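*Asks:* Numbering (this note's numbering), first residue to last: 564 to 924.
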Ligand code: CP
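1) Between residue 805 and residue 674, what straight-line distance do the alpha-carbon atoms span, to the nearest angstrom?
2) Spatial neighbours of residue 905 within its chain, please: C-beta separation below 7 Å, excluding the five flanking residues on both sides.
3) Who are the near neighbours of residue 897 in its chain, counting only those whose CB is closer than 7 Å to its CB and skipping five residues on each side?
4) Taking the beta carbon of residue 625 as the centre, do at least 16 other beta carbons fall within 10 Å, making it buried, or is it exposed?
5) What does a CB cutoff of less than 8 Å around residue 924 pick up in its chain, not counting 5 residues either side in sequence?
6) Check whether the Cβ atoms of residue 735 and residue 691 sit closer than 7 Å, and answer yes or no.
7) Indicate whether the contact test is met: 3 or more Cβ pairs, each with one atom in the segment 883-892 and one in the segment 566-582, closer than 8 Å.
8) Just to confirm, does residue 614 get its C-beta within under 6 Å of one of the non-hydrogen atoms of the ligand CP?
9) Quick check: the Cα distance between residue 870 and residue 798, rounded to an integer number of angstroms?
10) Taking C-beta to C-beta, are residue 661 and residue 647 nearer than 7 Å?
11) Considering only residues of the same chain and omitting the five flanking positions on each side of residue 696, which have a CB-CB separation below 6 Å?
12) Which term fits residue 537, buried or exposed, when burial requires 16 or more other beta carbons within 10 angstroms of its beta carbon?
13) May I ask whether a heavy atom of the ligand SAH can be found less than 6 Å away from the beta carbon of residue 697?
14) Kindly indicate which residue of 915, 894, 918, 694 has the alpha-carbon position closest to the one of residue 650.
15) Hey, residue 588 and residue 855: beta-carbon distance below 7 Å or not?
16) Is residue 686 helix, strand or coil by DSSP?
17) Specify the secondary structure class of residue 793 as computed by DSSP and reduced to three states.
18) With H, G and I counted as helix, E and B as strand and the rest as coil, what does DSSP make of residue 606?
19) Quickly, what does DSSP pair residue 919 with across the bridge? List them, please.
20) Measure from the alpha carbon of residue 585 to the alpha carbon of each residue in 851, 901, 900, then state which is nearest.
21) Give the C-beta separation of residue 614 and residue 849 to the nearest angstrom, bearing in mind that I take them to be a contact with Cβ-Cβ under 8 Å.
22) Please state whether DSSP places residue 594 in a helix, a strand or coil.
23) In angstroms with no decimal places, state the Cα-to-Cα distance between residue 768 and residue 892.
24) Looking at C-alpha atoms only, which residue of 658, 763, 672, 821 is the closest neighbour of residue 841?
25) Once DSSP output is grouped into helix, strand and coil, what is the label at residue 855?
26) Looking only at C-alpha atoms, which of 762, 718, 599 sits nearest to residue 865?
27) Look at the Cβ atom of residue 920, then the Cβ atom of residue 899, and state whether they are nearer than 7 Å.
28) Name the one or two DSSP bridge partners that residue 846 has.
29) As an exercise, report each continuous beta strand (DSSP E) stretch of at least 3 residues that is fully enclosed by the segment 776-826, in chain order.
30) Looking at the unbroken alpha helix (DSSP H) that takes in residue 696, where does it start and where does it end?
31) Using only the heavy atoms of the ligand CP, determine whether one of them is closer than 6 Å to the beta carbon of residue 713.
32) Beta carbon of residue 907, beta carbon of residue 875: below 7 Å?
33) Could you tell me how far apart the beta carbons of residue 811 and residue 777 are, in whole angstroms, since I believe they sit closer than 8 Å?
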């Protein structure tokens, strides 16, 4: 049984298969109307959502299936202190597949470790959002016809923007991709993504605060919202919230075939006047998200072939100090770290991927 927790759980070939299925659904929707008859999707949303939750629900209905679930933690027994692990075991008795959004990094992984049905990560804290990446990939593929040889600008909150981390991981597996990381100093891409994704794949990138200066070079411009809910200090959010506002004026220097993406919701980082520009693809991206989620539900319920187990050393004698990690709140969840660099003794929490370096011997 397969789940989707991190976009890297799927190989580029498996992602291409999902894209092919999504394109076939777009071309022949009638062929798919009964494919999930008698199946139930459970949407467990412990955090607010419009697109992800409703597109999962629309996806399941369009496949002929049914949906159960909740849209806020307060209306579930999480409010009484029930653990993610127990919730996953319980929901496995009622549904065939789970889509889970949770404010804690690593919560959907804990659900997958305890469920007897596939689990889809619908966003975990500031960590990952793999099904948004599926929407991004289908949109890029339909607009550009390829993933290789693209200059991709990522603009805004690159620190807390989980969609950015998942998209970089996915695109770094294609040749000729180059990233332009556009953010204020305080919201730069975390160094672990630079070192362990970009550097490992030898992906060239530049960092800048100046969107207009780099605009002419971009094939894709991925705008992001400054993530107010992840800021420990609200005054810092107030200072940074208007860092980037994309306007028709700023787009004058852009390529004619630029593809402008945004995972949405937007606040003010893309002026509404840009929506009329044929290069604005963010509402197509919303629709593509539904088709990719249909393809994903189908493939996971069909029983995708197991992925090969990684040959990694897991250690349990380190403590995760990320305050947003699920290990901080989940009863009796064992600490678990995987070694990601044996020479430099770097370990990462398996749930949230935060780093620990072993000192001494
Ligand atoms: N893009 C996205 O995840 O939107 P929602 O928060 O509305 O689901």
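Glycine included, every Cβ here is placed at the ideal spot set by N, Cα and C.
These figures come from a predicted structure and were not determined experimentally.
*Replies:* Here's the rundown:
1) 36 Å
2) none
3) 879
4) buried
5) Only weak support is given to the placement of residue 924: the predicted model assigns it a pLDDT of 49, under 50, and the question is left unresolved by the model.
6) no
7) no
8) yes
9) 44 Å
10) no
11) 570, 729, 730, 733
12) Since the first residue shown for the chain is 564 and the last is 924, residue 537 is missing from the structure and cannot be characterised.
13) With respect to the ligand SAH, the structure offers nothing, as its ligand set consists of the ligand CP.
14) 894
15) no
16) strand
17) helix
18) strand
19) 910
20) 851
21) 6 Å
22) helix
23) 36 Å
24) 821
25) helix
26) 599
27) no
28) Bridge partners of residue 846: none, in fact.
29) 783-786, 822-824
30) 693-707
31) no
32) no
33) In fact, because the Cβ distance is near 18 Å, the residues do not count as touching under 8 Å.
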